[in-house]
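Here's the structure we're looking at; comments come further down.
Numbering (the numbering used here), first residue to last: -4 to 244.
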């Protein structure tokens, strides 16, 4: 049991991209005991937590499985979600336009907090199983919510839908580049070659008439703002410049 709690602390503390915010400490999980569960059981618990929220739902989601996630918060609930950078486009479709979405590179750790009173935490997630912790009516949920709001959320990237994208892969490519990632980093994340990444960038650039990566970032930001995304108050960050010009390679 001590070893498992160590894994829980390590997993939560190492939320990739938010490590500095977590400073090596994990939020308390209260008196809830971690237990093995199937993916369906975990999804069911998180759907219940989401459905119980009356004012606020906070989530960390490494993946979004539209076919399993049947539950969601009721109308009027403030819903903030940090999702893995690679699934931001899918998350927008699954969570809806009302949800506030930010992105980070995440480990397979899922968190949900309803009204700062109910906490669900799942780690060691695979396609079929994971370890689940639930806690309610203690200070665990409130303490985790404070960590979310004060540390995790401010350090996650603002998400603006890539209105210029014609596919989920293309959206993921452009989303990665808008975060300042190199072609190689985006390719590694998506499991494709750098040449494929450059081909997607070139296709979007051609459609928008961009002649440089900087201009591409500006044009995509403008399109996202016109689309009325939650992050449209701030223009998208310019795409990181690289030695090769758009469309080459």
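Don't be surprised by glycine CBs; every beta carbon is placed ideally from N, CA and C.
Item: What do you get for residue 162, buried or exposed, if any count of 16 or more other CB atoms within 10 angstroms of its CB means buried?; Value: exposed
Item: Tell me the DSSP secondary structure of residue 247 in three-state form.; Value: Look at the range of the chain in this structure, -4 to 244, and you will see that residue 247 is not part of it.
Item: Please indicate yes or no: does the CB of residue 49 lie closer than 7 Å to some heavy atom of the ligand COA?; Value: This structure does not include the ligand COA; it has no bound ligands of any sort.
Item: Tell me, to the nearest whole angstrom, how far the beta carbon of residue 73 is from that of residue 90; I am working on the premise that it is less than 8 Å.; Value: Contact flag wrong, Cβ pair sits at about 13 Å.
Item: With which residues is residue 78 paired in a DSSP beta bridge?; Value: 56, 98
Item: Output the boundary residues of the alpha helix (DSSP H) element that contains residue 173.; Value: 163 to 173
Item: Hey, out of 113, 43, 42, 52, whose CA is closest to residue 144's CA?; Value: 52
Item: Hey, could you find the ends of the beta strand (DSSP E) residue 124 is sitting in?; Value: 124 to 131
Item: CA-CA distance, residue 173 and residue 126?; Value: 34 Å
Item: Going by DSSP, which residues form a beta bridge with residue 84?; Value: Partner(s): none; residue 84 has no beta bridge.
Item: Skipping 5 residues on each side, what residues in its chain have a beta carbon closer than 6 Å to that of residue 165?; Value: 195
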